[in-house]
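J.: Residue numbers (the working numbering): 9 to 434.
Starting off with a structure, shown below.
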Ligand SMILES: Cc1ncc(COP(=O)(O)O)c(C=O)c1O
């Protein structure tokens, strides 16, 4: 067969792009060579609908072993009692929880999308907002932190069946205990989507939601540094005899409901090559090195946030407890949109994304903010001493985003520096 030079040339160019730039997208990371190897393995050839030991296809004995390993390692990472490693993505994991816990039209409560929440927590263009009745809570304008008083008020007044904590652009620790209390009071299920800080949580640097929530979902590709994918877990509350009556009138355990909501409810055959890569990443996350890595991620983010504030930028909530931060550009550059800022930075080989800030005066297409995160540059090997330098480069670009000359000189500085941090072995 002739080699597909067209597509491999594109892959080579993407590798070059990743290598020469400073990657600050908070939800991205660089996986290890062995994670890549598992993902590109012959396991992609195997159909394995069902679960280990209960498949709809023959010849699954070998992939059963890697899926079982992934489950056991994940449970060990978070002290979970039960886990499902098959969701193809974070949104798929969330969809399965909705399907297991709610009926179409039921109410649920999640963080407002424009205050840091995720599309799958109730956006009107997502299944969650289309099929269910989405209620929302906000962050406070005064300090950018979750408004737990408002969350409780909405929960008591509306009695949603499911309450979701977790976000895509929120840099502070959560008060899971408080949300669990109100969930218990109104008989709601409490789910935490820890997609963003999952790696920091695994390293013990932030509170572990598996101890407080009924159900926890996550992606595996952000701070967790695994392949693209999702997972679902349950902690000590389950698998107790807490069940739900199915349309057939039988009472089923929540674990069985979630398993069947993933397959056959919302997915077909599992991606066994990705599940093996998840197992590899979980094995890496259980090693002592991972804790050192996450400590550096957190340290880099704290120093970066401080450097932004010293240059007159407003960081939503005044800092960060985790790996990310949201910069409100309006204080320093009232006329600069997130859209223009993102484009200018990308031209300088600094990758970030525009993001709405809470109480934004601009639309989601323009935005007044930028989101930054340190997981990828920390994997690359950059330490806290480099963070003020990165912020200085960003400030230089944003001070004159129309100037080609300005952007070119920053890009040269970026490329020259990043050569010192080799990324891929191939
Ligand atoms: C909090 C949260 N949940 C879920 C997701 C969705 O993950 P995926 O893109 O893998 O579907 C994201 C992605 O950014 C996220 O930030």
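Cβ coordinates follow ideal geometry from the N, Cα and C atoms, glycine included.
Per DSSP, which one or two residues make a beta bridge with residue 201?
T.: 225
J.: Can you tell me the Cα-Cα spacing of residue 218 and residue 242, whole angstroms?
T.: C-alpha separation (whole angstroms): 7 Å.
J.: Per the DSSP calculation, residue 141 is bridged to which residue(s)?
T.: 115
J.: Applying the 10 Å Cβ sphere with the 16-neighbour rule, what's the burial state of residue 248?
T.: Because the pLDDT of residue 248 is 43, which lies under 50, any placement of that residue in the model is unreliable, and the number read from its coordinates should be weighed accordingly. Label assigned to residue 248: exposed.
J.: CB-CB under 8 Å to residue 88, same chain, minus the five flanking residues each way: which ones, in chain order?
T.: 82, 218, 224, 241, 242, 243
J.: Where do the N-terminal and C-terminal ends of the alpha helix (DSSP H) with residue 207 fall, by residue?
T.: 206-210
J.: Just checking, does the segment 115-132 make contact with the segment 168-186 on the three C-beta pairs under 8 Å criterion?
T.: yes
J.: Do you know how far the Cα of residue 194 is from the Cα of residue 35?
T.: 33 Å
J.: Quick check: is any heavy atom of ligand 1 less than 6 Å from the C-beta of residue 97?
T.: yes
J.: Please find out if some non-hydrogen atom of ligand 1 comes closer than 6 Å to the beta-carbon of residue 176.
T.: Using a cutoff of 6 Å, the CB of residue 176 counts as near ligand 1, since one of the ligand's heavy atoms is closer than that.
J.: Taking the alpha-carbon of residue 436 as reference, which of 147, 169, 157, 68 has the nearest alpha-carbon?
T.: Lying before the first or after the last residue shown, residue 436 is absent from the chain, which here runs from 9 to 434.
J.: If you draw a straight line from the alpha carbon of residue 147 to that of residue 291, how long is it in whole angstroms?
T.: 36 Å
J.: On the three-state DSSP scale, how would you describe residue 170?
T.: strand
J.: If you drop the 5 nearest sequence neighbours on each side, which residues of the same chain put their C-beta closer than 7 Å to that of residue 284?
T.: 46, 49, 51, 74
J.: For residue 381, which of helix, strand or coil comes out of DSSP?
T.: strand
J.: Is any heavy atom of ligand 1 found at a distance shorter than 6 Å from the C-beta of residue 201?
T.: yes
J.: On the criterion of 16 or more Cβ atoms from any shown chain inside 10 Å, does residue 325 qualify as buried, or is it exposed?
T.: Classification for residue 325: buried.
J.: Please report the distance separating the alpha-carbon of residue 250 from that of residue 288.
T.: At residue 250, the pLDDT of 48 sits below 50, so the modelled position is not reliable; the number obtained from the coordinates is stated separately. Roughly 32 Å between the two C-alpha positions.
J.: So the beta strand (DSSP E) residue 362 belongs to, where does it begin and stop?
T.: 361-363
J.: Helix, strand or coil for residue 398 per DSSP?
T.: helix
J.: Determine, using beta-carbon pairs with one atom in the segment 413-428 and one in the segment 20-34, whether at least three such pairs fall under 8 Å.
T.: yes
J.: Using the rule of at least 16 other Cβ atoms within 10 Å of the residue's Cβ for burial, across every protein chain shown, is residue 235 buried or exposed?
T.: buried
J.: Between residue 56 and residue 280, is the Cβ-Cβ spacing less than 7 Å?
T.: yes
J.: Excluding the 5 residues preceding and the 5 following residue 23 in the sequence, name in chain order all residues of the same chain whose CB lies nearer than 7 Å to its CB.
T.: 432
J.: Determine the burial state of residue 430: buried for a count of at least 16 other Cβ atoms within 10 Å of its Cβ, exposed for fewer.
T.: exposed
J.: Is residue 417 near ligand 1, with its Cβ less than 6 Å from a heavy atom?
T.: no
J.: Given 6 Å as the limit, tell me if residue 126 has its C-beta closer than that to any heavy atom belonging to ligand 1.
T.: Proximity of the beta carbon of residue 126 to ligand 1 is indicated: a heavy atom of the ligand is located closer than 6 Å.
J.: Find out if the Cβ-Cβ distance for the pair residue 70, residue 117 is shorter than 7 Å.
T.: no
J.: Where in the segment 310-367 do unbroken runs of the beta strand (DSSP E), each at least 3 residues long, occur, reported from the N-terminal end onward?
T.: 332-336, 361-363
J.: In terms of residue numbering, what span does the beta strand (DSSP E) encompassing residue 92 cover?
T.: Residue 92 -> beta strand (DSSP E) spans 90-92.
J.: Compare the Cα-Cα distances from residue 149 to each of 382, 323, 40, 349 and report the closest residue.
T.: 323
J.: So, does the segment 410-423 touch the segment 365-385, judging by three or more C-beta pairs under 8 Å?
T.: no
J.: In terms of residues, what are the limits of the beta strand (DSSP E) holding residue 33?
T.: That residue, residue 33, is in no beta strand (DSSP E); it is neither H nor E in DSSP.
J.: May I ask you to check if the CB of residue 122 is nearer than 6 Å to at least one heavy atom of ligand 1?
T.: no
J.: Could you tell me the alpha carbon to alpha carbon distance between residue 351 and residue 413, rounded to whole angstroms?
T.: 15 Å
J.: Given the structure, does residue 375 come close to ligand 1, in the sense that its CB is under 6 Å from one of the ligand's heavy atoms?
T.: no
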